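Undergrad:
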Amino acid sequence: MKQEQRLLSDAKRFDRAALAEIYDLYQAELYRYAYRQLGDRQQAEDCVSETFSRFLSALRGGKGPQQHLRAYLYRIAHNWITDQFRRTPPPEVDIELITISNPVPGLEDSAIEKMNAEKVRASLSLLTPDQRQVIMLKYLEGWENDEIAAALDKLVGAVKSLQHRGLAAMKRILMKDVEAGL
Amino acid sequence: MTRAQKTSDEVIKNLLETLRDVPSRLEDEAQERRVAFLDSLEKLPEPVSPHRFWRLNLRSAFLSLRLRTLTIAVILVSLFGGGTYTANAAQTALPGEGLYPVKIWVEQLRTALTFSDQDKLRLHLEFASERLDEIAELESRGIFEIPQEVVDDFNHHIQEANSLLPSNAEYGTEIKGLITKFDELEGDEEEPEELEEPGDAADQPEIDQDDIDEEDDEDGSFQEAGEDKDDAPGESSTQETNDPDEQDDEHRDQNPSPGSDDDDGGSGGSSREPDETDEPDNEEDQANDD
């Protein structure tokens, strides 16, 4: 955290080395975060580029975070991804997972996993933006609730509520297969 | 939480793991993007010395006191004493719970302290969405009768949003989506039938395509994917200005944006960077009980 704060302070002074370090520090994880939701390399790269572009724009305008730089960058990325879903809704995917009770003959396990990943990704895109962000940060990025609260600019209680609602919503979307006990 | 709920939570978490593996990036592409970023640094002003930087920023930091969040925090503390604790608990309150009126009151306060039409519209959408979340949460607890106060409040926010729509047409799709979701939830007022046990695949009846189509969106958590693909609120937000007041901020579902330097912009700006006011130490968060 001290490193993050130092980098942020230097970045606000337009220190080139600090800005380059910030990029190198966070670009890979932001790419993974974006790819997991978008499922597309190009879009994930666009998300990373746009995130840092907007960060620079904020600094130029005398704005940007006072602290929690990482959370701030993730918020930008989240907003961009949400915009993408609105501009170009993900292709419709049959949400029903491929399971023992709903097999697709002839498919290898790796192909099944890939197809189910697309279905899970599609179900995530159907959550509210906040629910999706909480679910992603909690279960795929491994963030603690207080870090997520910083990213969403909410209280920890609200984060827990969103977590619960997000999981409940995914259960409803994928319910038949969840009930079957995958 | 029941054991069944815990089990199904674990199943969902396991399903999420299918997204964990990410293919390696194309090195050339990643390197190209990095170079482009470093090149863009040249457009920044010259670096400022630490001493001068702090002198320049001290004054603006003093002036940007986040007056709205302070106001809300002071009111909460004076009324309830343990403002932070109360705000935290109220944020997750459901209709019928003791702190629910506090939650609604804070929403009203936030609306009253928001000045631009666009920000008011976003707040109304946020609160309408929150009513839907409450209904869904009640359903998950087996309460299928929607409290009238929730219905009335949802309709109120939709009406208010509609009244602000002419100057913010890009929100039309979002409003329609909320109405659709509400209608679907209203239709769930009867307790759902028990799910049949899955049988062998060979025993399953042939599924008519019409049945599948009818099943779409039967649960209220489905978001409108965007019936009007032309409606691209995010597009209008990709503006050259970084002024949060001028940028489309439809994702800002936490904090209003009054359009001043002490704008608690909130983190929801879909096509803008969240500004300094979007931070967890923002005192307005204490009253952000959504």
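So the sequence lines, in the order shown, correspond to chains A and B. Residues in the first sequence are numbered consecutively from 0, following numbering that gives the first Met the number 0. Residues in the second sequence are numbered consecutively from 0, following numbering that gives the first Met the number 0. Don't be surprised by glycine CBs; every beta carbon is placed ideally from N, CA and C. Nothing here was measured: the structure is a model prediction, and the numbers come from that model.
Helix, strand or coil: which one does DSSP assign to residue 97/B?
TA: The residue given as residue 97/B occupies position 98 in the second sequence. Three-state result, residue 97/B: coil.
Undergrad: Please state if the CB of residue 168/A and the CB of residue 130/A are separated by a distance shorter than 8 Å.
TA: Translated into positions along the first sequence, residue 130/A becomes position 131. Translated into positions along the first sequence, residue 168/A becomes position 169. Yes. Within cutoff.
Undergrad: If we cut at 8 Å on Cβ distances, does residue 132/B have a partner in chain A?
TA: Residue numbering aside, residue 132/B sits at position 133 when the second sequence is read from its first letter. Taking Cβ atoms only, chain A reaches closer than 8 Å to residue 132/B, which makes this a yes.
Undergrad: Would residue 131/B pass as a contact of residue 180/B if the rule is Cβ separation under 8 Å?
TA: Sequence index remark: in the second sequence, residue 131/B carries index 132 (1-based). Sequence index remark: in the second sequence, residue 180/B carries index 181 (1-based). Taking 8 Å as the Cβ cut-off, residue 131/B and residue 180/B qualify as a contacting pair.
Undergrad: Nearest-angstrom Cα distance between residue 19/B and residue 73/A?
TA: By 1-based counting over the second sequence, the position of residue 19/B is 20. By 1-based counting over the first sequence, the position of residue 73/A is 74. Using only the alpha carbons, I get a separation of about 17 Å.
Undergrad: In chain order, what residues of the same chain have a beta carbon less than 7 Å from the beta carbon of residue 139/A, not counting five sequence neighbours either side?
TA: If you number the first sequence from 1, residue 139/A lands on position 140. Result list for residue 139/A: 35, in chain order.
Undergrad: Which ranges would you report for the alpha helix (DSSP H) in the segment 96-135 of chain B if only whole runs of at least 4 residues count?
TA: Counting only runs of 4 or more, we get 99-111.
Undergrad: Could you check if residue 118/B is buried or exposed, using at least 16 other CB atoms within 10 Å of its CB as the buried criterion?
TA: Counting from one through the second sequence, the residue named residue 118/B turns up at place 119. So residue 118/B ends up on the buried side.
Undergrad: With DSSP as the reference, label residue 125/A as helix, strand or coil.
TA: Mapped onto the first sequence, residue 125/A falls at position 126. It is coil, neither helix nor strand.
Undergrad: Which chain A residues sit within Cβ distance under 7 Å of residue 12/B?
TA: Here residue 12/B refers to the residue found at position 13 of the second sequence. The contacting residues are 138.
Undergrad: Compare the C-beta of residue 141/A with all C-beta atoms of chain B and state if any pair is closer than 8 Å.
TA: Position 142 of the first sequence, counted from the first residue, corresponds to residue 141/A. Chain B, which has no Cβ nearer than 8 Å to the Cβ of residue 141/A, makes this no.
Undergrad: Taking 8 Å as the cut-off, decide whether the C-beta atoms of residue 170/A and residue 11/B are in contact.
TA: Start at 1 with the first residue of the first sequence, and residue 170/A comes out as number 171. Start at 1 with the first residue of the second sequence, and residue 11/B comes out as number 12. For residue 170/A and residue 11/B, yes; Cβs fall inside 8 Å.
Undergrad: Checking contacts by CB at 8 Å: is residue 170/A closer than that to chain B?
TA: As a first step, residue 170/A is located in the first sequence; it is residue number 171 there, counting from the start. At least one chain B Cβ lies under 8 Å of residue 170/A.
Undergrad: Step through the CB atoms of chain A and report whether any lies within less than 8 Å of the CB of residue 109/B.
TA: Taking the second sequence and counting its residues from 1, one reaches residue 109/B at position 110. It does not: the Cβ of residue 109/B has no partner Cβ on chain A nearer than 8 Å.
Undergrad: Contact criterion: CB-CB distance below 8 Å. Does residue 19/A meet it with respect to chain B?
TA: The residue given as residue 19/A occupies position 20 in the first sequence. Cβ-Cβ to chain B under 8 Å: yes for residue 19/A.
Undergrad: Is any beta-carbon of chain B found at less than 8 Å from that of residue 40/A?
TA: Translated into the one-based positions of the first sequence, residue 40/A becomes position 41. Answer yes: the Cβ-Cβ gap between residue 40/A and chain B drops below 8 Å somewhere.
Undergrad: Do the segment 52-72 of chain A and the segment 17-31 of chain A meet, that is, are 3 or more Cβ pairs less than 8 Å apart?
TA: Contact holds: three or more Cβ-Cβ distances are below 8 Å.
Undergrad: Roughly how many angstroms separate the alpha carbons of residue 143/B and residue 149/B, rounded to a whole number?
TA: Along the second sequence, one-based indexing puts residue 143/B at 144. Along the second sequence, one-based indexing puts residue 149/B at 150. When rounded, the distance between both Cα atoms is 13 Å.
Undergrad: Give me, in chain order, the residues of the same chain whose beta-carbon lies closer than 8 Å to that of residue 100/B; leave out the 5 immediate sequence neighbours on both sides.
TA: Reading the second sequence from its first residue, position 101 is the one you call residue 100/B. There are no such residues.
Undergrad: On the three-state DSSP scale, how would you describe residue 143/B?
TA: In the second sequence, the residue the question calls residue 143/B occupies position 144. Note: residue 143/B maps to coil in three-state DSSP.
Undergrad: Residues of chain C with a CB under 8 Å from the CB of residue 90/B: which are they?
TA: Here chain C cannot be found, since the structure's protein chains are A and B.
Undergrad: Spatial neighbours of residue 43/A within its chain, please: C-beta separation below 7 Å, excluding the five flanking residues on both sides.
TA: Numbered from 1 along the first sequence, position 44 holds the residue referred to as residue 43/A. These residues qualify, in order along the chain: 30, 33, 34, 37.
Undergrad: Indicate whether at least one CB of chain A lies closer than 8 Å to the CB of residue 266/B.
TA: For the purposes of this step, residue 266/B is identified with residue 267 of the second sequence, where counting begins at 1. Note that residue 266/B scores a pLDDT of 39, beneath 50, so its modelled location is shaky; the value from the coordinates is reported in the next line. For residue 266/B, the answer is yes, since a Cβ of chain A falls inside 8 Å of its Cβ.
Undergrad: Hey, does residue 69/A have any beta-carbon neighbour from chain B nearer than 8 Å?
TA: For the purposes of this step, residue 69/A is identified with residue 70 of the first sequence, where counting begins at 1. Output row for residue 69/A: interface = no.
Undergrad: Give me the Cα-Cα distance between residue 83/A and residue 21/A, rounded to the nearest whole angstrom.
TA: For the purposes of this step, residue 83/A is taken as residue 84 along the first sequence, with counting starting at 1. For the purposes of this step, residue 21/A is taken as residue 22 along the first sequence, with counting starting at 1. Looking at the two C-alpha atoms, the distance is approximately 24 Å.
Undergrad: How close, in whole Å, do the beta carbons of residue 91/B and residue 157/A come, if the pair is a contact with beta carbons under 8 Å?
TA: One-based indexing of the second sequence puts residue 91/B at position 92. One-based indexing of the first sequence puts residue 157/A at position 158. Contact holds; Cβ gap of about 6 Å.
Undergrad: Skipping 5 residues on each side, what residues in its chain have a beta carbon closer than 8 Å to that of residue 145/A?
TA: As a first step, residue 145/A must be located in the first sequence, where it is residue number 146. If we look at residue 145/A and ignore the five residues flanking it on each side, its Cβ neighbours are 155.
Undergrad: For residue 92/B, does the three-state DSSP call read helix, strand or coil?
TA: For this step, residue 92/B is matched to residue 93 along the second sequence. Residue 92/B: coil per DSSP, three-state reduction.
Undergrad: Flag residue 210/B as yes if its beta-carbon sits less than 8 Å from any beta-carbon of chain A, otherwise no.
TA: If you number the second sequence from 1, residue 210/B lands on position 211. Bear in mind that a pLDDT of 42 at residue 210/B, under 50, signals an unreliable position, so the number given afterwards is only what the model happens to contain. With 8 Å as the cut-off, residue 210/B does not count as an interface residue toward chain A.
Undergrad: With a threshold of 16 other CB atoms inside 10 Å of the CB of residue 122/B, please say whether the residue is buried or exposed.
TA: Counting from 1 along the second sequence, the entry for residue 122/B is found at position 123. By the neighbour-count rule (16 or more Cβ atoms within 10 Å), residue 122/B is buried.
Undergrad: Residues of chain A with CB under 8 Å from residue 35/B, in chain order?
TA: Mapped onto the second sequence, residue 35/B falls at position 36. The contacting residues are 48.
Undergrad: Given that residue 8/B touches chain A, what residues does it touch there, using C-beta distances under 7 Å?
TA: Along the second sequence, one-based indexing puts residue 8/B at 9. Here the neighbours are 166.
Undergrad: Which of the three DSSP states, helix, strand or coil, is assigned to residue 48/A?
TA: Position 49 of the first sequence holds residue 48/A. Residue 48/A: helix per DSSP, three-state reduction.
Undergrad: Nearest-angstrom Cα distance between residue 143/A and residue 56/A?
TA: On the first sequence, position 144 is the one that residue 143/A refers to. On the first sequence, position 57 is the one that residue 56/A refers to. The alpha-carbon atoms of residue 143/A and residue 56/A are separated by roughly 29 Å.
Undergrad: Rounded to the nearest angstrom, what separates residue 119/A and residue 138/B at their Cα positions?
TA: For this step, residue 119/A is matched to residue 120 along the first sequence. For this step, residue 138/B is matched to residue 139 along the second sequence. Going by the C-alpha atoms only, they are around 23 Å apart.
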